[in-house]
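S.K.:
Residue numbers (this note's numbering): 68 to 161.
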């Protein structure tokens, strides 16, 4: 599971939103994707948080190598960012 926090540079919020609007449905179609949810706090309009759950680490790596992530993530969202943070977690299940 990955928890991602993207904060847009001042004036680049719309660019970030547009990229995320494209990434969400495309990412949800990936075979290893169990959940891909983007959300934001209205009090922090420059920040988007994304919770990504894949079947395994290889699924996440396939996501990062996908054409849609190359286009919308590396090509549009990431260049618009002021800060970028990603944390990986393991689920605790019986």
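The beta carbon of each residue, even a glycine, is placed where N, CA and C say it ideally should be.
Remember, predicted model here, so these are calculated numbers, not experimental data.
Taking only the alpha-carbon atoms, compute the straight-line gap between residue 86 and residue 144 and give it to the nearest angstrom.
M.R.: So the two alpha carbons sit approximately 6 Å from each other.
S.K.: In the DSSP assignment, find the unbroken alpha helix (DSSP H) run with residue 125 in it and report its ends.
M.R.: 124–132 is the span of the alpha helix (DSSP H), which, as asked, contains residue 125.
S.K.: Count the other CB atoms, across all protein chains shown, that sit within 10 Å of the CB of residue 140; report buried if there are 16 or more and exposed otherwise.
M.R.: Per the 10 Å Cβ criterion, buried.
S.K.: Report the option in 114, 109, 107 and 108 whose CA atom is closest to the CA atom of residue 77.
M.R.: Checked all of 114, 109, 107 and 108; the closest Cα to residue 77 is 114.
S.K.: By how many angstroms is the C-alpha of residue 123 removed from the C-alpha of residue 69?
M.R.: Using only the alpha carbons, I get a separation of about 11 Å.
S.K.: Can you tell me which of 107, 132, 94 and 149 puts its alpha carbon nearest to the alpha carbon of residue 120?
M.R.: The shortest C-alpha separation from residue 120 is found at 94.
S.K.: Taking the alpha carbon of residue 245 as the reference point, which residue from 83, 118, 111 and 112 has its own alpha carbon closest?
M.R.: Residue 245 lies beyond the range of the chain shown here (68 to 161); nothing can be said about it.
S.K.: Can you tell me whether residue 147 is buried or exposed? The criterion is at least 16 other CB atoms within 10 Å of its CB, across all chains shown.
M.R.: Buried: at least 16 other Cβ atoms inside 10 Å.
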